[in-house]
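J.:
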Amino acid sequence: MKLDIGGGYIVTASITNEAVDELNLKVGDQAWSVIKASDVMVAKSA
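Residue numbers (our numbering): 15 to 60.
#1: At what residues does the beta strand (DSSP E) containing Asp-92 begin and finish?
#2: Once you ignore the five residues that flank Asp-43 on each side, which residues in its own chain have a CB closer than 7 Å to its CB?
#3: Starting from Asp-18 and walking both ways along the alpha helix (DSSP H), at which residues does that stretch end?
#4: Of the residues Ala-60, Ile-29 and Gly-22, which one's Cα is nearest the Cα of Met-15?
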């Protein structure tokens, strides 16, 4: 998964297909990431 965070920066993370399904993520959706040490959590904006 790649998240465009603006300013020419992209956050890239590996998430499972199950996580994509649970979040109902689709190309173009707004989402945000929380970065903690070596882990990245992804959440979908409402």
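C-beta: ideal position from N, C-alpha, C; glycine also.
T.: Let me spell this out:
#1: The structure shown has nothing for residue 92, since the chain only spans 15 to 60.
#2: Locating residue 43 in the sequence shown gives position 29, counting from the first residue. Only Lys-58 meet the Cβ criterion.
#3: Locating residue 18 in the sequence shown gives position 4, counting from the first residue. Bounds of any alpha helix (DSSP H) do not take in Asp-18; it lies within the beta strand (DSSP E) bounded by 16-20.
#4: Start at 1 with the first residue of the sequence shown, and residue 15 comes out as number 1. Comparing Cα positions, the closest option is Ile-29.
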